[in-house]
Amino acid sequence: MADLCEGGNEPPGSLKASNSSSSSSSSSSSSSSSSSSSSYWRVTLVAKELARYRIDFVGVQEVRLDGNGITQIGDYLLYYGEGKDNHQLGTGFFIHKRIKSAVKKVEFIRDRLSYLVLKGRWCDIVVIKDSFYEELEQTFDQLPISGKV
Numbered sequence: 038m039a040d041l042c043e044g045g046n047e048p049p050g051s052l053k054a055s056n057s058s059s060s061s062s063s064s065s066s067s068s069s070s071s072s073s074s075s076s077y078w079r080v081t082l083v084a085k086e087l088a089r090y091r092i093d094f095v096g097v098q099e100v101r102l103d104g105n106g107i108t109q110i111g112d113y114l115l116y117y118g119e120g121k122d123n124h125q126l127g128t129g130f131f132i133h134k135r136i137k138s139a140v141k142k143v144e145f146i147r148d149r150l151s152y153l154v155l156k157g158r159w160c161d162i163v164v165i166k167d168s169f170y171e172e173l174e175q176t177f178d179q180l181p182i183s184g185k186v
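Read left to right, the sequence shown gives residues 38 to 186 (this note's numbering).
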C-alpha cells in the first residue's frame, strides 16, 4: 500500500514508465519507450476530455503505468498506482488543480482497488475505485441465456 499524500503533493516534472532492469536490450528499451509514449498520449487525451466537460475528479482504471506516482497533465493531477511491470492494469484518479488542496489521502491497495479521501465542507468524501462489479458483469454476460436469472 502506498500513501501518496504523505510524501508531498508536488507532481514530478514528467510522466515516465519505470524500467526495472538496468541492462535491457535495445528491443525491450524501445518497447518501454513506445509504451510510455502511448500511455502519456492516453492520459493527455483523458485530461482534455475531463476539462471539456468541466469534471473536477474521476477514478480511472487500466492506467497501465508502473508503480505509484503523481504527475501533472494540463490542469489535472493524475494520481496513479499499482500497475504491473508489463504496463497492465492499474487504477488512478484525475484531480483538477482547483480542488487539489482538498485531497487528504490517496491509497492504492491492489492493481484493481484504490481509494481517495477528499476534505468536504461538513465531512470527508471517500471515493473507492474497484473493478469487481465490472468483472462480475463481464462474467455474467458470458453465461448462456438460459443460465441468467
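Glycine included, each C-beta is placed from N, C-alpha and C at the ideal position. A quick note: this is a predicted structure, and the numbers were derived from the prediction, not measured.
What is the DSSP secondary structure of residue i, counted as helix, strand or coil?
| i | result |
| --- | --- |
| Leu82 | helix |
| Ser168 | coil |
| Lys142 | strand |
| Leu180 | coil |
| Tyr77 | helix |
| Arg89 | helix |
| Arg135 | helix |
Name the DSSP bridge partner or partners of residue i?
| i | result |
| --- | --- |
| Thr128 | Gln98, Gly118 |
| Gln109 | Leu114 |
| Arg147 | Leu150 |
| Leu155 | Val140, Ile162 |
So, under 8 Å CB-CB, residue i and residue j are touching, yes? Tell me the CB distance rounded to an integer number of Å.
| i | j | result |
| --- | --- | --- |
| Gly129 | Asp148 | Not really, about 11 Å apart at Cβ, beyond 8 Å. |
| Ile132 | Tyr116 | 7 Å |
| Asp112 | Ala88 | 6 Å |
| Leu102 | Ser76 | 6 Å |
Quick one: residues in its chain with C-beta nearer than 6 Å to the C-beta of residue i, no 5 flanking neighbours on either side, listed in chain order?
| i | result |
| --- | --- |
| Ser151 | Thr128, Phe145, Lys166 |
| Asp93 | His133, Ile136 |
| Ile162 | Leu155 |
So, at 7 Å on beta carbons, what are the nonlocal neighbours of residue i in its own chain, with the 5 sequence-adjacent residues on each side left out?
| i | result |
| --- | --- |
| Ser168 | Gln98, Arg149 |
| Gln125 | Arg101 |
At a cut-off of 6 Å, is residue i close to the ligand MN when judged by its beta-carbon and the heavy atoms of the ligand?
| i | result |
| --- | --- |
| Tyr170 | Among the components of this structure there are no ligands whatsoever, and the ligand MN is therefore not found. |
Quick one: residues in its chain with C-beta nearer than 8 Å to the C-beta of residue i, no 5 flanking neighbours on either side, listed in chain order?
| i | result |
| --- | --- |
| Val95 | Leu87, Phe130, Phe131 |
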